[in-house]
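Visitor:
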Amino acid sequence: MSHIIHRNPRRVPPVAAHATGITITDRDGRTYLDASGGAAVSSLGHAHPDVLAAMHAQIDRNAYAHTAFFTCDAAEQLAARLAADAPGDLDQVYLVSGGSEAMETALKLARQYWLEAGQPQRTTFIARRQSYHGNTLGALAVGGNAWRRQPFAPLLIEVPRISPCYEYRGRADGQSTDDYTAALLQELEDAILAAGADKVIGFVAETVVGATAGAVPPTPGYFRGVRRLCDQYGLLLILDEVMCGMGRSGTLYAFEQEGVLPDLVVLGKGLGAGYQPIGAVLARAPIVQRLRDGSGAFLHGHTYMGHPVAAAAALAVQKVIQRDCLLGAVTVRGAALRRMLREAFGNHPHVGDIRGRGLLIGLELVADRDSKAPFDPARRLHAVIKDEAMARGLMIYPMGGTIDGRHGDHILLAPPFIATEAELAEITSRLADTLHATL
Ligand code: PLP
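Just so it is clear: in the sequence shown, position 371 is 370 by numbering that gives the first Met the number 0, and no numbers are missing.
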């Protein structure tokens, strides 16, 4: 009997007893290969000695001091490091406890920026249909996950939503990638004009779409076009890198590969790599300067923002990524894993697409490869696959979702950056057994 309201309130999951490297062991001694980093969180695997040591040292020095009274070295050093490693003037950092809190922060900071810029009429965001930005009400409002939104729709602000950049589903037969990209950008421009350019606070998107579509990277030039339109019509560009940021795509920030500089970047998951709950917003300097010169107050705040132990953990994670050259490792191992997956599933009748960036990889499952027809949602394939994988000692992140009104299934893989080629091969082999048993 458990008193916790679990994710599935009818079922108590296995009890994680200990974890090391890319393996978690439950109380009954069963082991699970962490092929999804939880939910693209555990980038350094489990029990990394450097991160544990940094946390222990911080706890011994100062476990907590409220940010209304104090700052702390760990938070200051983390912010300085994030600022130094981010391109351009993206050098202002707001530290919170996770991705949803960070998204709420970005939305409110963007709104307050325009208020203080003398443009109070800017009251809406433009977002995309296939997206997830968090489960709190503001983040849910800009997100496009119909299933998660539906029960709470009456509580959510309505924002205009455009098509995602999702080539596998969205590009028509015979249409070139460039033409597809141009059509998407036209749709964004139309949405801006329909809303009234001077009414829009900003455009919100995941640089690489994570959980709702399964590691969908943008087409070449898509974000350069988005940035151009944001500049032309005065919108802030808010990129959600909660899942794809902090090295998971092979560069520290996924947007670096798109050749754009966003105005606000939302971080979580890999920032603390699971060692502590932590999220962050990175803002370009003029945005925060506007508040400094204006009201002098950002009307936001959380009890655990800038938490010393969380900041110390995240700082240690950053140091390990740099010292051990893990960004390069992500690129190499990501390519290796994609190669293994293509060899195993390239001709699989129910694997329609294998895609991703770095070690954020998605497999889209289809009933029919030619027509790309999805499976019947009544099969609840994602739940069945997850159980089958766990029974084989494999943690993967399968999701069923709505793709522009239609159901679709995919599996997300996001193993820790430290996974060896042998471990990636074992992941592929257990995944093959899992799919063999379920499809
Ligand atoms: N944004 C993206 C892209 C995410 O993938 C998630 C979580 O899955 C969030 C925001 C919300 O983060 P959190 O679950 O830490 O609140």
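Virtual Cβ for every residue (Gly too), placed ideally from N, Cα, C.
1. What is the residue span of the beta strand (DSSP E) that His-406 lies within?
2. Can you list, in chain order, the residues of its chain with a C-beta nearer than 8 Å to that of Glu-387? Leave out the 5 residues immediately preceding and following it.
3. Run the CB neighbour count on Gln-256, radius 10 Å, all protein chains shown included, and call it buried at 16 or more, exposed below.
4. Helix, strand or coil for Val-225 per DSSP?
5. Kindly indicate which three-state DSSP category Gln-91 falls into: helix, strand or coil?
6. Measuring only the C-alpha atoms, how far is Ala-16 from Ala-52?
7. Using alpha carbons as the reference points, say which of Ser-96, Leu-260, Ala-212 lies closest to Asp-230.
8. Hey, could you find the ends of the beta strand (DSSP E) Gly-271 is sitting in?
9. Which two residues bound the contiguous alpha helix (DSSP H) that contains Asp-375?
10. Going along the chain, which residues of its own chain have a beta-carbon closer than 7 Å to the beta-carbon of Val-350, five neighbours each way excluded?
11. Taking the alpha-carbon of Ser-248 as reference, which of Gly-357, Arg-9, Leu-89 has the nearest alpha-carbon?
12. Give the single residue among Arg-160, Ala-272, Phe-202, Arg-379 whose Cα lies nearest to the Cα of Phe-416.
13. Suppose you measure from the CA of Leu-187 to the CA of Pro-153; what does that come to, to the nearest Å?
14. Less than 6 Å between the CB of Tyr-131 and some heavy atom of the ligand PLP, yes or no?
15. Please find out if some non-hydrogen atom of the ligand PLP comes closer than 6 Å to the beta-carbon of Val-141.
16. On the CB-based measure, 16 or more other CB atoms within 10 Å of its CB, does Phe-151 come out buried or exposed?
17. Please determine, among Tyr-165, Ile-125, Ala-171, the residue with the shortest C-alpha to C-alpha distance to Glu-157.
Guide: So, to answer that:
1. Per DSSP, His-406 belongs to the beta strand (DSSP E) from 405-412.
2. If we look at Glu-387 and ignore the five residues flanking it on each side, its Cβ neighbours are Thr-433, Ala-436, Thr-437.
3. Counting other Cβ atoms within 10 Å of its Cβ, Gln-256 reaches 16 or more and is therefore classed as buried.
4. DSSP places Val-225 in helix when its eight states are reduced to three.
5. Reduced to three states, the DSSP call for Gln-91 is strand.
6. Cα to Cα, the separation comes out at about 20 Å.
7. Its Cα nearest to that of Asp-230, the residue Leu-260 stands out among Ser-96, Leu-260, Ala-212.
8. Looking at the DSSP string, Gly-271 is not in any beta strand (DSSP E), and its letter there is neither H nor E.
9. Premise fails: Asp-375 is in no alpha helix (DSSP H) and is neither H nor E.
10. Within its own chain, the residues whose Cβ lies closer than 7 Å to the Cβ of Val-350, once the five positions on either side in sequence are excluded, are Phe-344, Leu-362, Leu-364, listed in chain order.
11. Among Gly-357, Arg-9, Leu-89, the Cα nearest to that of Ser-248 belongs to Gly-357.
12. Among Arg-160, Ala-272, Phe-202, Arg-379, the Cα nearest to that of Phe-416 is on Ala-272.
13. Leu-187 and Pro-153: Cα-Cα distance of roughly 25 Å.
14. Correct: Tyr-131 has its Cβ closer than 6 Å to the ligand PLP.
15. Distances from the CB of Val-141 to the heavy atoms of the ligand PLP are all 6 Å or more.
16. The residue in question, Phe-151, is exposed, as its Cβ has fewer than 16 Cβ neighbours within 10 Å.
17. Ranking the options by Cα distance to Glu-157, first place goes to Ile-125.
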